[in-house]
Amino acid sequence: METYIDVYLSSDGVKSSEILKKLVDMGLKPSLGEHDFIYDWKGIVSINEEIELIDKIQEKLKGTGVILKFKTNR
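Numbering-wise (the working numbering), the sequence shown opens with residue -6 and increments by one.
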């Protein structure tokens, strides 16, 4: 499974380079193309595990002005 993350930045928020560092530190891979980042689960996970990851990402980016969109494919 893979979770795709799209990041929408605010001109009033933190720099994109800071967002990149925070997400890469969490194990997300930057991507060129349709989505900004990819998280490879290396197997099938439950919805609860996916929600836990999303919660961690939201907490890590809290206060940055970023809007996130998530999509997971099995």
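All C-beta atoms in this analysis are idealised placements derived from N, C-alpha and C, irrespective of residue type, glycine included.
Just to confirm the assignment, what range does the beta strand (DSSP E) spanning residue i have?
i: T65; result: I60 to N66
I'd like to confirm the pairing. Which residues does DSSP put opposite residue i in its beta bridges?
i: E(-5); result: D33 and N66
Below 7 Å CB to CB, which residues in the same chain sit around residue i once its five sequence neighbours on both sides are set aside?
i: I47; result: F63
i: M5; result: The sequence as given places Asp at residue 5; Met does not occur at that position. Around D5: G58.
i: E52; result: none
If you drop the 5 nearest sequence neighbours on each side, which residues of the same chain put their C-beta closer than 6 Å to that of residue i?
i: N66; result: E(-5)
i: L21; result: F30 and Y32
i: D(-1); result: H28, D29 and K62
Spatial neighbours of residue i within its chain, please: C-beta separation below 8 Å, excluding the five flanking residues on both sides.
i: K49; result: M19
Inset, instruction - Could you name each continuous alpha helix (DSSP H) segment of 4 residues or more that falls completely within the stretch -1 to 41, going from the start of the chain to the end? - result: If only complete runs of 4 or more residues are kept, the stretch -1 to 41 shows the alpha helix (DSSP H) at 9 to 18, in order along the chain.
Inset, instruction - May I ask you to verify whether the stretch 49 to 67 touches the stretch 6 to 24, counting CB pairs closer than 8 Å and requiring at least 3? - result: Cβ pair count under 8 Å is three or more, so yes.
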